[in-house]
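Novice: Following this message is one structure expressed as structure tokens.
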Amino acid sequence: MINAYTDGSLRRTKQGIICGYGIYFPNNELPNVSKKFTLEPITNNRAELYAIYQAIKRITNNLKFDVINIYTDSDYSQKSLNVWIKKWKTNNWMNSKGQPVENQDIIKKIDALRNKYLDKIFIHWIRAHTNKNDIHSINNKKADELANISD
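In the working numbering, the protein residues as written are 8 to 158.
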């Protein structure tokens, strides 16, 4: 079993928008990741999703695994990938308002990997910024730090 904690960040500064993503591997199976996010349009939700995509891609390209657990504090990402996606696929990637699903370029890439490795990749939501000392809070904080030092 491989666990990865992912996060995206977006900050507005005088110099403009700084957006990044981080991936924390608590058992050191792979190097942690701290990168700028530049895939337009630049949004926090896209950075969150891209962190998940990159974590899965890095694991599947480099490691043998039986289960991959991706932990995210993004409720939007978790619901997009675990709940809403079923309806979106049925509706030809249109949302409930009849509009094209936002961020479907990244969501489709994640979905393709999940379909390739059926029943082996799980996306879990965890609470952010709890200041608690449980393992998920500690590891989520590390992913958050990686996402924020990407500039």
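Heads up, the beta-carbon is just placed ideally off N, CA and C, and yes, glycines get one too.
The structure displayed is predicted, hence computed values, not measured ones.
Cα separation between residue 153 and residue 97?
Specialist: The residue given as residue 153 occupies position 146 in the sequence shown. The residue given as residue 97 occupies position 90 in the sequence shown. One C-alpha to the other measures close to 36 Å.
Novice: If we call anything under 8 Å between Cβ atoms a contact, is residue 239 one with residue 60?
Specialist: Given a span of 8 to 158 for the chain in the structure shown, any question on residue 239 remains unanswerable.
Novice: With a threshold of 16 other CB atoms inside 10 Å of the CB of residue 103, please say whether the residue is buried or exposed.
Specialist: The count along the sequence shown starts at 1 and reaches residue 103 at position 96. Looking at its Cβ environment, which holds fewer than 16 other Cβ atoms inside 10 Å, residue 103 is exposed.
Novice: Looking at residue 53: is its Cβ nearer than 8 Å to the Cβ of residue 142?
Specialist: Taking the first residue of the sequence shown as position 1, residue 53 is located at position 46. Taking the first residue of the sequence shown as position 1, residue 142 is located at position 135. Cβ distance not < 8 Å, so residue 53 and residue 142 don't count as in contact.
Novice: Among 132, 49, 38, 137, which one has its Cα closest to the Cα of residue 84?
Specialist: On the sequence shown, residue 84 is found 77 positions in, with the first residue counted as 1. Per the Cα distances, 132.
Novice: Pick helix, strand or coil for residue 134, following the three-state DSSP scheme.
Specialist: As a working note, residue 134 is residue 127 in the sequence shown. Coil at residue 134, not helix or strand.
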